[in-house]
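Engineer: Below are the structure tokens for one structure; questions will follow.
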Amino acid sequence: RRGAAVALQRRSRHDVIVCGAGVAGAACAYHLAKAGRRVVVVSSHAPCSLTSAMSTECYRDFWPTEAMAALVGRSIDLVEDLAKATDNAVGFTRRGYAYFTKSPETLARAAADCARLAAADPANTPLRRHAGFLGDDYAPIDPGFSDCGRLEELPRGFDLLEGAAVRAAFPAVADDVVGCVHARRAGWVSAQQFGAELVKGARALGAEFVTGADVAGVDVVAGAVSDFAAETAADAAGDDGGEVRDYFDDGYVAPPPLRFPVEPLPPPGHALRLVAA
60 RRGAAVALQR RSRHDVIVCG AGVAGAACAY HLAKAGRRVV VVSSHAPCSL TSAMSTECYR
120 DFWPTEAMAA LVGRSIDLVE DLAKATDNAV GFTRRGYAYF TKSPETLARA AADCARLAAA
180 DPANTPLRRH AGFLGDDYAP IDPGFSDCGR LEELPRGFDL LEGAAVRAAF PAVADDVVGC
240 VHARRAGWVS AQQFGAELVK GARALGAEFV TGADVAGVDV VAGAVSDFAA ETAADAAGDD
300 GGEVRDYFDD GYVAPPPLRF PVEPLPPPGH ALRLVAA
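Note that the numbering used here gives residue 265 to position 206 of the sequence shown, counting from 1, and the numbers run on in steps of one.
Written as structure tokens, this is what we have:
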């Protein structure tokens with residue numbers, strides 16, 4: 060691979076090797092370390108210094124598939140937990156997203172998506188419909204959207220606004236807008252601070268971060284412990300994910316429609332060995 064050859068000088072055994080130290084890799088290391096796993100994160104650059112340093116700083120649980128909505132919903136749970144634990148050092152807010160349309164057909168599709176998501180998880184993604192006027196169950200945007208101590212008080216799910224209800228909630232919207240999905244569990248977070256807190260937390264829990272090492276391969280070797288060895292390898296390589304995945308054997312399987320980038324455990328008596336370039 061690209062870059063100068065890097066020799067990993069130490070020999071050590073870990074439960075999990077994480078390839079990539081962006082936000083995804085740091086989060087993987089943090090939560091695995093919280094669960095008591097011995098973790099090492101290997102990356103060619105300093106943690107959270109590539110695409111994670113320029114990432115979009117927004118989140119939402121409004122997705123067109125139940126599987127994706129459930130995955131993102133659980134991810135938001137974890138972000139909220141970190142925000143509470145750090146006195147919101149990550150800049151977390153929940154002001155919601157509003158999606159407007161001038162097309163009745165688009166509104167009908169959005170309504171069907173919201174109804175399907177609500178049916179799949181009514182506790183976390185309830186649907187409230189407001190046709191022509193705002194119902195008593197519509198909550199305006201709360202000025203406390205950045206107060207992590209009040210997250211449980213803020214609405215979840217979706218408000219589907221139709222006709223005059225759109226302008227009752229959003230007076231500046233044009234008259235030809237026929238509908239709106241107001242997704243409530245959505246907002247912003249500082250990607251840089253989020254990554255920094257994950258790395259700091261992972262290190263405090265004993266995770267190691269090794270930089271300056273390109274991943275040249277992942278081998279399964281019988282009874283061998285060389286370089287950084289572990290029973291599990293997690294792929295968090297971001298833009299290099301496809302290249303890193305090529306190093307795994309044919310046992311790399313993830314069920315559709317989501318890809319869970321974790322290599323299955325090797326046979327007993329074997330270990331995964333990360334080979335540095």
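Even for Gly, the Cβ is constructed at its ideal location relative to N, Cα and C. Given the structure is predicted, the values throughout are model-derived calculations rather than measurements.
Could you check the C-alpha separation between residue 258 and residue 92 for me, to the nearest Å?
Structural biologist: About 11 Å.
Engineer: With three or more C-beta pairs closer than 8 Å as the rule, is the segment 203-220 touching the segment 185-195?
Structural biologist: Because the criterion of three Cβ pairs below 8 Å is met, the segment 185-195 and the segment 203-220 touch.
Engineer: According to the Cβ coordinates, are residue 295 and residue 78 closer than 8 Å?
Structural biologist: Cβ atoms of residue 295 and residue 78: closer than 8 Å.
Engineer: What are the start and end residues of the alpha helix (DSSP H) that includes residue 142?
Structural biologist: Run containing residue 142: 125-144, per the alpha helix (DSSP H) assignment.
Engineer: Restricting to runs no shorter than 3 residues, where is the beta strand (DSSP E) found entirely within the segment 77-122?
Structural biologist: Complete beta strand (DSSP E) runs here, min 3: 98-102 and 117-119.
Engineer: What residues in its chain sit with their C-beta under 7 Å from that of residue 154, if we drop five residues either side in the sequence?
Structural biologist: Answer for residue 154: 200, 204 and 246, listed in chain order.
Engineer: In the DSSP assignment, the beta strand (DSSP E) including residue 239 goes from what residue to what residue?
Structural biologist: Residue 239 -> beta strand (DSSP E) spans 238-242.
Engineer: Alpha carbon to alpha carbon, how far is residue 237 from residue 122?
Structural biologist: Answer to the nearest angstrom: the Cα atoms are 21 Å apart.
Engineer: Would you report the Cα separation of residue 262 and residue 213, rounded to the nearest angstrom?
Structural biologist: Straight-line Cα distance between these residues: approximately 33 Å.
Engineer: Counting only the same chain and skipping the five closest in sequence on each side, list residues whose C-beta sits under 7 Å from that of residue 198.
Structural biologist: Excluding sequence neighbours, residue 198 sits near 214.
Engineer: Within its chain, find whatever has a CB closer than 6 Å to the CB of residue 137; leave out the 5 residues flanking it on each side and keep chain order.
Structural biologist: There are no such residues.
Engineer: Using only the alpha-carbon positions, how far apart do residue 100 and residue 88 sit?
Structural biologist: Each residue's alpha carbon lies about 7 Å from the other.
Engineer: Does any heavy atom of the ligand MG sit closer than 7 Å to the C-beta of residue 218?
Structural biologist: This structure does not include the ligand MG; it has no bound ligands of any sort.
Engineer: Identify the continuous alpha helix (DSSP H) that holds residue 179 and give its terminal residues.
Structural biologist: Where residue 179 is concerned, the enclosing alpha helix (DSSP H) stretches over 163-179.
Engineer: So residue 255 is in the beta strand (DSSP E); what residue range does that whole segment cover?
Structural biologist: Where residue 255 is concerned, there is no enclosing beta strand (DSSP E), although the alpha helix (DSSP H) it sits in stretches over 250-263.
Engineer: Which residue or residues does DSSP assign as beta-bridge partners of residue 194?
Structural biologist: None; residue 194 has no bridge partner.
Engineer: Using three-state DSSP, classify residue 213 as helix, strand or coil.
Structural biologist: In this structure, residue 213 counts as coil in the three-state DSSP scheme.
Engineer: Excluding the five sequence neighbours on either side, which residues of its own chain have a C-beta within less than 8 Å of the C-beta of residue 193, listed in chain order?
Structural biologist: These residues qualify, in order along the chain: 220, 224, 227 and 228.
Engineer: So, helix, strand or coil for residue 208, using DSSP?
Structural biologist: If DSSP states are grouped into helix, strand and coil, residue 208 belongs with the helices.
Engineer: On the DSSP letters alone, give me the boundaries of the beta strand (DSSP E) that residue 269 sits inside.
Structural biologist: Here the beta strand (DSSP E) through residue 269 covers 267-270.
Engineer: Going by C-alpha distance, which of 210, 271 and 76 is nearest residue 202?
Structural biologist: When each option's Cα is compared against that of residue 202, the closest is 210.
Engineer: Using a 10 Å radius around the Cβ and a threshold of 16 neighbouring Cβ atoms, would you call residue 133 buried or exposed?
Structural biologist: Exposed, since its Cβ has fewer than 16 Cβ neighbours within 10 Å.
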